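Q: Chains as they are written, first to last, in our numbering: chain A, 1 to 376; chain B, 1001 to 1376.
Below: one structure in structure tokens.
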């Protein structure tokens, strides 16, 4: 069995035990709420991790790109929602998947899109299941729950596609560091889609999927009556941003980047590593949170946090580790070549810097190298 | 010939004419200064682009990862400097390349590293050419020009490796938006390595390579006497950060991300595109520059800047375009499915989101799909 210290650096490590515990928590919460978990695979984009998450070999699951849909569907995970607004130019790839037996559902949020999609389906004799995207908190896309355009969109779909549900994402919850605020956001997320589903049903539409989901609201939700499924993504992996919000603990973060000490600037109290922003990503999401972690939190080879250090800056292939108090760093403690693990601000872009993960156990042994995909 | 509007989005476009003009400018400047250009390939990581840059089929060139070294060396570009401090754990890959005929030179900046590398070379009967990294401006790594450790490092190398040169990078110049400051930085960069090379030669070392390089200092350099080569990277591609500095014009930026309009929030004046931060990268380097471009500058299908718009925010797979004045956006001007090109803040992380580029001409035709690499 390979020890992590034999890996070339930088390398992405996924701690299997932490991953399993995070996944178990999400599953238990969905079970408690009486809903299906449709995990969002966009964070890890890895078949091996998806298989730890999904309830059956076919899913359900959520994807953020058509390449993810193709990758997961090819491996049998066919019950998918592509949770980014669809336009007709993307339908040939969706249709190709569905023609091969997948059930990739798409979302949209306007009469304009509904007409274009219906027209495309009729012209191509394509069957397509569609959810209407609802905007529950002004975060991004979607129609607001009481917008009359919802019914008009539903009707526009009828002529060529099949309306199967409504979906929302409480993206605004990423700014909520108080548990009580997250609880309110979660119940608001529930209310927005349940109300919309009710209106659509009253108008005669068969709304089978009522879908919510965000990592901060998942664990905060008390009552999901009327919801059929929850999508959540980054929480299975965890990161410093979520830990700062209080959504996970630092010890829950399953992703780290293994780096090597490659130099130092002793007079400045800097260690130089090969974990630059190309490996950590440019994400500085913790900059304005309660703890600014720079480009990452520093742990030893075994994953124990070294809280007096941080990755204070980074260049493309250089990370700069310093003590938070600006003090000197003992060179005998950090010789050239020493390996460290860096916890990321944001698991989604950090994972995307790599084409595979080393799945590791609590002892620092590499259990397996697992693939992931990137791009579109 | 494919039109760019037939590409799946998001897609990375490289404008061939702009690339050629940027490359020609760098070559002309190096010729004027009487030095060799050793382009840094870290921005594009693409063989096709490297071949437009290098003076001969074997190079010279600079790389930021060993995977780049392996990729380019496999294609015959063998005269390489791996310009990130080396540690012994990385030497097997360097040695493997050099054993197959490459000439991958490495850098280091301490007696500790020099001893470790020499020991490794002796133990493995490996020939290895090394440059000592000099810190000309306190930016990152390197020994300062008058540090007595330089001579000690050179001597430590003698027992197992071959000292062939000195190298510096004026990374501090990325903060200089005044041409006169960049000129001073360029001459300081020259002076730092020329003086060090002289000291080493006086001590009996055969210093053949005297290497400087950064995009902001390249064009600002008046006199490179004593320097043998200049490395510069991002300038061949260009980006909004460099344009804000005044190092290139907006019209010189060769990289853009082709996106599709996938929705809108009319009451907010937002267009939603499929160019989120996964495609643009999380780089917000222009945030504190003279023009904050958000997550990118908006151009039409043909690459003409739409200066009244910007990518004001982004999520993983969603870009939010708005008018800078907050005004309404005419939906008939931006129908669903319309393609736009987004210029990136920083070409290096944006390029890294993709596994290939569409090389395009000024008419928006795709001349060729060209590969690039990522990861380590």
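Glycine included, each C-beta is placed from N, C-alpha and C at the ideal position.
Source: prediction; values computed, not measured.
Below 9 angstroms on C-beta distance, what does residue 354 of chain A contact in chain B?
A: 1374, 1375, 1376
Q: Drop a sphere of 10 angstroms on the beta-carbon of residue 1001 of chain B, count the other beta-carbons inside from all chains shown, and report buried for 16 or more, exposed for fewer.
A: exposed
Q: So residue 1042 of chain B contacts chain A; which residues on that side make the cut at Cβ distance below 8 angstroms?
A: 316, 317
Q: Alpha carbon to alpha carbon, how far is residue 1368 of chain B from residue 1347 of chain B? Give it in angstroms, no decimals.
A: 20 angstroms
Q: First and last residue of the beta strand (DSSP E) that includes residue 319 of chain A?
A: 319-323
Q: If I measure Cβ to Cβ from residue 1375 of chain B and keep anything under 7 angstroms in the same chain, skipping five residues before and after, which residues do I get?
A: 1067
Q: When you compare only the Cα positions, how much space is there between residue 1190 of chain B and residue 299 of chain A?
A: 39 angstroms
Q: Scan the stretch 1018-1082 of chain B and note each continuous beta strand (DSSP E) run of 3 residues or more that stays entirely inside, going in chain order.
A: As far as the stretch 1018-1082 of chain B is concerned, its whole beta strand (DSSP E) runs of at least 3 residues are 1061-1063, 1079-1082.
Q: Taking only three categories from DSSP, how would you classify residue 1001 of chain B?
A: If DSSP states are grouped into helix, strand and coil, residue 1001 of chain B belongs with coil.
Q: Among A/277, A/120, A/145, which has the Cα closest to the Cα of residue 342 of chain A?
A: A/277
Q: Residue 265 of chain A bridges to which residues according to DSSP?
A: A/270
Q: With a floor of 3 residues, list each beta strand (DSSP E) that falls wholly inside the stretch 1206-1236 of chain B, ordered by position along the chain.
A: 1209-1212
Q: Which residues in the same chain have their Cβ closer than 6 angstroms to the Cβ of residue 289 of chain A, if we skip the five residues on either side of it in sequence?
A: 244
Q: Which residues of chain A have a Cβ atom closer than 7 angstroms to the Cβ of residue 1112 of chain B, listed in chain order?
A: 336
Q: Identify each residue in the stretch 1081-1094 of chain B for which the Cβ-Cβ distance to at least one residue of chain A is less than 7 angstroms, and report them in chain order.
A: 1084, 1085, 1087, 1088, 1089
Q: With distance defined between alpha-carbon atoms, name the residue in B/1352, B/1119, B/1229 nearest to residue 1378 of chain B.
A: With chain B represented from 1001 up to 1376, any question about residue 1378 of chain B goes unanswered, as that position is not in the structure.
Q: If you check the beta carbons only, do residue 1036 of chain B and residue 1060 of chain B fall under 8 angstroms apart?
A: Contact: yes.
Q: Under a CB-based cut-off of 8 angstroms, is residue 65 of chain A close to chain B?
A: yes
Q: Run through the stretch 1148-1180 of chain B for me and flag every whole beta strand (DSSP E) of 3 or more residues, listed as ranges in chain order.
A: 1162-1168
Q: Tell me, please, whether the CB atom of residue 384 of chain A is closer than 8 angstroms to any CB atom in chain B?
A: The structure shown does not extend to residue 384 of chain A, since chain A is modelled only from 1 to 376, so the question has no answer here.
Q: Can you confirm whether the stretch 271-286 of chain A touches the stretch 1279-1287 of chain B when touching is taken to mean that 3 or more C-beta pairs between the two stretches lie within less than 8 angstroms?
A: yes
Q: Buried or exposed, going by whether 16 or more other CB atoms sit within 10 Å of the CB of residue 1196 of chain B?
A: The Cβ neighbour count for residue 1196 of chain B, taken over all protein chains shown within 10 Å, is at least 16; the residue is labelled buried.
Q: I need the DSSP call for residue 1260 of chain B, collapsed to helix, strand or coil.
A: Residue 1260 of chain B falls in the strand class under three-state DSSP.
Q: Below 8 angstroms between beta carbons: does that hold for residue 163 of chain A and residue 211 of chain A?
A: no
Q: Starting from residue 365 of chain A and walking both ways along the beta strand (DSSP E), at which residues does that stretch end?
A: 365-371
Q: For residue 1078 of chain B versus residue 1102 of chain B, is the C-beta spacing smaller than 8 angstroms?
A: yes
Q: Once the 5 residues before and after residue 1019 of chain B are set aside, which same chain residues still bring their CB inside 6 angstroms of it?
A: 1254
Q: Can you give me the Cβ contacts of residue 1354 of chain B inside the same chain, cut-off strictly under 6 angstroms, excluding the 5 residues immediately before and after it?
A: 1012
Q: Please name the residue, chosen from B/1134, B/1081, B/1090, B/1086, that lies closest to residue 1104 of chain B on a Cα-to-Cα basis.
A: Taking only the C-alpha atoms, the option nearest residue 1104 of chain B is B/1081.
Q: Which residue from B/1069, B/1031, B/1266, B/1204 puts its Cα closest to that of residue 1095 of chain B?
A: B/1069
Q: In the stretch 273-284 of chain A, which residues sit with their C-beta less than 9 angstroms from some C-beta in chain B, listed in chain order?
A: 274, 276, 277, 278, 279, 281, 282, 283, 284
Q: Taking only the alpha-carbon atoms, compute the straight-line gap between residue 133 of chain A and residue 165 of chain A and give it to the nearest angstrom.
A: 9 angstroms
Q: Specify the secondary structure class of residue 1331 of chain B as computed by DSSP and reduced to three states.
A: coil
Q: If contact is defined by three or more beta carbon pairs under 8 angstroms, each pair taking one atom from either stretch, is the stretch 1039-1053 of chain B in contact with the stretch 1218-1236 of chain B?
A: yes
Q: Closer than 9 angstroms by beta-carbon distance: list the chain B residues that pair up with residue 171 of chain A, in chain order.
A: 1315
Q: Could you give the first and the last residue of the continuous beta strand (DSSP E) run that contains residue 297 of chain A?
A: For residue 297 of chain A, the enclosing beta strand (DSSP E) starts and ends at 297-299.
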